[in-house]
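The structure appears right after this line, and notes come after that.
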Amino acid sequence: MQVPAPFDYARASTVDDAIGLLERLGPEARLVAGGHSLLPMMKLRLATPEHLVDINPLESELGYIREADGEIRIGALARHRDILESELLAKHFPMIREAEELIADPPVRNRGTIGGALCQADPSEDLSAVCAALGAVAVIRGRDGERTVEMPEFHQGPYETAVGDAEMLVEVRIPIREHAGSAYEKVKRRTGDWATAAAGTALWLDGSDVAAAGIALSAVNPSNVRSTRAEEALVGRPPTEEAFAEAAAIAAEDCEPIGDLRGPADYKRHLARELTHRALRRAAERALAS
Amino acid sequence: MKINLTVNGEPASAEAEPRTLLVHFLRDSLGLRGTHWGCDTTNCGACVVLVDGEPVKSCTMLAAMADGHEVLTVEGLEREGQLDPVQQGFIEEHGLQCGFCTPGMMLTARALLDSNPNPSEDEIRVAISGQICRCTGYKNIIASIRWAAEHSEEVTA
Amino acid sequence: MAATTETPTGFGRMKRKEDPRFVRGQGNYVDDVSLPGMLHGAALRSPLAHARIVSVDTSAALQHPKVRAVITGKDLEAQGLAWMPTLSADTQAVLATDKVRFQGQEVAFVIADDHYAARDALELIDVEYEELPVLVDPRKALDPDAPVIRDDKEGQDSNHIFDWEAGDQAETERVFEDADVVVVTQEIPFQRVHPCPLETCGAVADYNAVTGKLRLWCTTQAPHAHRTLYALVAGLPEHKIQVIAPDIGGGFGNKVPIYPGYVCAVVGSIVTGKPVKWMEDRTENLTSTGFARDYLMRGRIAADRDGRIRGLRVDVLADHGAFNATAQPSKYPAGFFHIFTGSYDLEAAYCTVKGVYTNKAPGGVAYRCSFRVTEAAYLVERMVDLLADELEIDPVELRMKNFIRSDQFPYTTKTGWTYDSGDYHAAMNEAVRIAGYEELRREQAERRQRGECMGIGVSFFTETVGAGPRKDMDIAGLGMADGAELRVHPTGKAVLRISVKTQGQGHETTFAQIVAEELGIPPDDVEVVHGDTDQTPFGLGTYGSRSTPVSGAAAAIVARKVRDKARLIASAALEFSPDDLEWENCCLIDKGATEKGQTIQELALASHGALELPDGVEGHLDAEAVYNPPNLTYPYGAYICVVDVDPGTGEVKLRRFISVDDCGVRINPMVVEGQIHGGLAEGVGIALMQHVAFDEQGNCLSGSFMDYLVPSSMEVPDWELGETVTPSPHHPLGAKGVGESSNVGSPPAIVNAVVDALEPFGVRHVDMPVTPARVWEAMQKGTTEPPQ
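Structure below.
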């Protein structure tokens, strides 16, 4: 088997401890939680950090999923499995369970964390699209305290986030709003594969019209951004097939898929449209029923 | 560094580099060769063990990260000369051919049955979906796990 | 279906004897072998597909405190070991000397104290390359300006390897020129795939300079053939070489060739004086070891309007990679591809196969292919479906109309095969019955009205397996006859030593069942010894579904020899003439008075005891045999696949898969079913998701399980099995072998189903792998681009 290059190892006992270690060890130090993004890269020697800071002990501090102040707050160390099984999340944001069922596989979900997924910022990563569509906010802690960053600012490019040196993502907050519905659609070649294309949509209704919409695609853009033009096309009108079709077409127009072994660019663009449409349809059904 | 953990109910301890993967720690440092490996990219699941009761791909966990935790390997399924029902199920239903994926499959089955004693075929398919078998076409693995679910009281040596 | 609770005396469902160790994690695979002082090897591999080696600097690696040795091509060259023969009378570089010829080719070999250090040391070796033009498209291999890959071979001035043909060209052309026939032509590529057993390849070499003995634990499906080849190539005396294939974690043909890593481990052990272990990683397995298929086929089928198939012609361009390392009988460079006439009674048939080199990994014959039968079956079953589509005849009906009839067996095909036995109509009818075919077609019609894409695919295959008669079948000059030895101990327990090597097929159980069936010694009392060349008779190993047809026959013959000897001993013990004794219920009794009899256990004791034996009868109860099969065997099957295609995304969902197999007599139906299940899952992978792909620079794009996709439990349906039993008339047990059947029959069934589902879109053909993207592409254009 391919194995990592040598590195030094430290274990953090608290968040502040972890940040202190990052500060002390410098830019050649990486945090490792679930390790299912970082360790595979290290085994292939595509990543060779000199120091690893193990933050798994922080699960007791940051492994929560709870409701507070009109938000759901998910600690960065919440594992994919916890997020999948959370009834609280399933009740408010059905998109999340739908996405988690299609992320990786069960043993990987037992270890991988939302913090790791978001900070890896792979353009095909699903939770990034989910959080973007739901208007989530990232809470980042550094030596000087905490700051919040909206998802569009959090994801700055492929594998790049707003988390700076000696900083750590500690929480993700998702606002709860009424008359909400959400859904996630994903096409992949096989269980555990990255998406060929995926779409996460959320709708909030005001009476019979769409008051707000969140649409974020995965695997068809350099990073997981919202399809804001598509969202705007839905606001202020009833959630009809026509509206979905229009929004889906715009989302497809605006994305930038790259052809690869999963398929040519035009196929992915087609999927962007098809999946956005399907996800909107289901999100609307849920919003109307709520 | 010294790694201290509990393996199959007993304390286990050995020196390892920080980069030593749990799968290699189990196989080479502790001599427990029932845990296998089959890829480099965390896909195949031949290396699955239970960490604190949950299936984990031990090729993607540092031994250091398992320090202080409980690990169950295939060697820990049999207790006091009695096979676990999952082991007996795999024999009864021809759930293995070459045997290479089998330790991981049985451990995942054990964890599944501990939380869901009567899983449906679909639930079993999902539970083992992170683990590759090249020999059985999965049908008999599913049957083996169903056998274990139906014979949880029956174990034979 | 479960094993029964009673152990049958012979054939039947029984739990496997080998399972107790596997379920306890006590299998002994090569990576479990650990010897005192053992070192670890790792191979440095070329990142480039075609390049001259300018220099190899190992000085930094040699300074690593844990490195014991570094071997380069130059080092091997000095010993005459830089090149080794392949199983196809070509040569392959062990470590590159002049050039590298495919990405992933071995360039140097490091030996260190532990595996992690060996990996670290690889990064310390500095190789300077001078890039050369790369050839990845076999269609360009014979262009005048194509780079010559094998310039190491004297007289080789192109990338041509061989031309081969079978059948009657003139007769076939005459049929095609007949004014009344319908001719359908189609390019049908079979993409490059890889068998990827879950355990990768590896070896532990332990050379003892004092005794001169080399022990080599190795993931090999053919330990004796390997031993002989090492003796021939390395000049080591063969009686001093012991090849031990312990438990193997899957083979599927991937573990037949000798790989450079094995040779380097042997050299490393000689050089360091210590055991050396080499286990490849998954990327190495996928990018350098024996791939499968890569046949560009062009099929032409001619038929009368009423559906009577008249002739079939196939022209094949075969991509063998950088070295011709295919493993098949030496007289057949295209393996058994000339069984492409399939299960049909044709007037004429002809094929050509042209083999070429490209800058890709060497190989071609692997992955349960029965030596290219998979390619042949795919070709003919797609052509028959294309014809059905053209003539607007139901695909089952068209096949039934053209099957070889049961009264025509033994049937000699237009390309020289003599099929032993078959009742194709019965198998097809059984599949139709299990599937509820008529009902499925009705359902399809309804769903089509609603715009839903349901597809029903049919395939019928005949394989030729069990190689084979030694005058026709040899590999590297070693005739494909296998030995067996049976020894019955005084207390009536037996040891059967066989030449074949299971990688999961259950030989420890099924071969014991053969002895039990013949001699009445319970299977639990028969120990099957296999895999160690010091402990077992010579044979050519397990692949091409040959274990039961060849070694199984040898086991039956040797058990009968023991029975014949037992009869003579019984005649002495019972004081009857041997002709007055008959074998009944595992006992020799006199035909008249049934009170006097001797069980085999009593006879075993008597044969070792003080009983006076007749003249010419030696003591003990042992026998040996070498079985030279009179013919190959011809298992067959009828498969039906039901799919639902999502027209919005192109995703294919396998709803049902029905497989009716006829492999003759079944020794252990539970084991047979398991073999079929496994091959079906492999077929799903091949049909829907597998492709070893390259870019134009020869970079392998499928070097890990992230991109070389293997079906999980989510991608396969529940398998519905049926059977018919038509014994082989020439096999001692009537058995035909079944290990590869389901990999042969399933890809065409699946592709036929998808094409059927897409018929409303005017799609006639889709190339494998039928990914969602390709389905969608076909829906837009009516066809797909072939895989690169």
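Residue numbers (the working numbering), protein chains in the order written: chain A, 1 to 290; chain B, 1 to 157; chain C, 1 to 788.
The C-beta atom is built at its ideal place from N, Cα and C for all residues, glycine as well.
Check                                                                                                                                                                          : Outcome
Report all residues from its chain with a CB closer than 8 angstroms to the CB of T191(A); omit the five preceding and five following residues, and keep chain order.          : D105
Taking the alpha helix (DSSP H) that R433(C) belongs to, which residues open and close that run?                                                                               : Y424 to A435
Return the Cβ separation of R802(C) and P537(C) in integer angstroms, given the expectation that the two are a contact with Cβ distance under 8 angstroms.                     : Because residue 802(C) is not part of the residues shown, which for chain C are 1 to 788, the question remains open.
State the beta-bridge partners of G363(C) as determined by DSSP.                                                                                                               : F291(C)
Within its chain, find whatever has a CB closer than 6 angstroms to the CB of T4(C); leave out the 5 residues flanking it on each side and keep chain order.                   : In this predicted model, T4(C) has a pLDDT of only 44, less than 50, meaning its place in the structure is not dependable; the value taken from the coordinates is given anyway. Only R13 meet the Cβ criterion.
Distance cutoff 8 angstroms, beta carbons only. Does M1(A) sit that close to anything in chain B?                                                                              : yes
Looking at the strands, I want to know which residues DSSP matches up with Y411(C).                                                                                            : Y419(C)
State buried or exposed for V23(B), treating a residue as buried only when at least 16 other CB atoms are found within 10 Å of its CB.                                         : buried
Would you kindly work out how many angstroms separate the C-alpha atoms of R269(A) and H226(C), rounded to a whole number?                                                     : 52 angstroms
Looking at the ligand SAM, does it come within less than 7 angstroms of K591(C), judged from the CB to the closest heavy atom?                                                 : Although the ligand SAM was asked about, the structure shown includes no ligands whatsoever.
So is G678(C) in contact with chain B if we call contact Cβ pairs under 8 angstroms?                                                                                           : yes
Could you give the residue range of the alpha helix (DSSP H) that holds H277(A)?                                                                                               : A265 to A289
Please confirm whether I65(A) and S86(A) have their CB atoms less than 8 angstroms apart.                                                                                      : yes
Starting from F90(B), trace the alpha helix (DSSP H) both ways and give me its first and last residue.                                                                         : P85 to E92
Would you kindly work out how many angstroms separate the C-alpha atoms of V137(A) and I74(A), rounded to a whole number?                                                      : 11 angstroms
Please report whether the beta-carbon of T73(B) lies at a distance below 8 angstroms from any beta-carbon of chain C.                                                          : yes
Counting only beta-carbon separations shorter than 8 angstroms, does C201(C) have a partner in chain B?                                                                        : no
Skipping 5 residues on each side, what residues in its chain have a beta carbon closer than 6 angstroms to that of M1(C)?                                                      : Note that M1(C) scores 44 on pLDDT, short of 50, meaning its location in the model is unreliable; the coordinates nonetheless yield the value given after this. Closer than 6 angstroms at the Cβ level, and outside the excluded window around M1(C), lies no residue.
Who are the neighbours of R119(C) on chain A, taking C-beta pairs under 8 angstroms?                                                                                           : Q2 and V3
Applying a beta-carbon distance threshold of less than 9 angstroms, which residues of chain B neighbour Y267(A)?                                                               : In chain order: nothing, as chain B lies at least about 24 angstroms away.
Take the Cβ of M1(B) as the centre, count every other Cβ of all protein chains shown within 10 Å, and call the residue buried at 16 or more, exposed below.                    : exposed
Go ahead and pull the three-state DSSP assignment for P147(C).                                                                                                                 : coil
Between the stretch 24-56 of chain B and chain A, which residues of the former have CB atoms less than 7 angstroms from a CB of the latter, in chain order?                    : W37, D40, T41, T42, N43, G45, V48, E54, P55 and V56
Is it a yes or a no for the stretch 92-112 of chain C touching the stretch 29-43 of chain C, going by three-plus beta-carbon pairs under 8 angstroms?                          : yes
Taking all protein chains shown into account, do 16 or more other C-beta atoms lie within 10 angstroms of the C-beta of Q82(B), making it buried, or fewer, making it exposed? : exposed
Could you give the distance in angstroms between the alpha-carbon of E178(A) and the alpha-carbon of H92(A)?                                                                   : 9 angstroms
Note down, in chain order, every chain A residue with its Cβ under 8 angstroms from the Cβ of P18(B).                                                                          : P6, F7, D8, Y9 and L52
Taking only three categories from DSSP, how would you classify M1(A)?                                                                                                          : coil
Could you please give me the residues that DSSP links to R79(A) through a beta bridge?                                                                                         : T113(A)
Output needed in chain order: residues of the stretch 680-709 of chain C with a Cβ under 7 angstroms from some Cβ in chain A.                                                  : M689, A693, L701, D707 and L709
Taking P103(B) as the query, report the chain C residues whose CB atoms sit under 7 angstroms from its CB, ordered along the chain.                                            : G25
Can you pull the chain C residues whose beta carbon is under 7 angstroms from the beta carbon of G200(A), in chain order?                                                      : Per Cβ cutoff of 7 angstroms: no residues; G200(A) is ~16 angstroms from chain C at best.
Using a Cβ-Cβ distance under 8 angstroms, would A148(B) count as near chain D?                                                                                                 : Protein chains in the displayed structure are A, B and C, and chain D is not among them.
Determine the DSSP secondary structure at R66(A), reduced to helix, strand or coil.                                                                                            : strand
According to DSSP, is T72(C) helix, strand or coil?                                                                                                                            : strand
Against chain C, with Cβ distances strictly below 8 angstroms, would K139(B) count as a contact?                                                                               : yes
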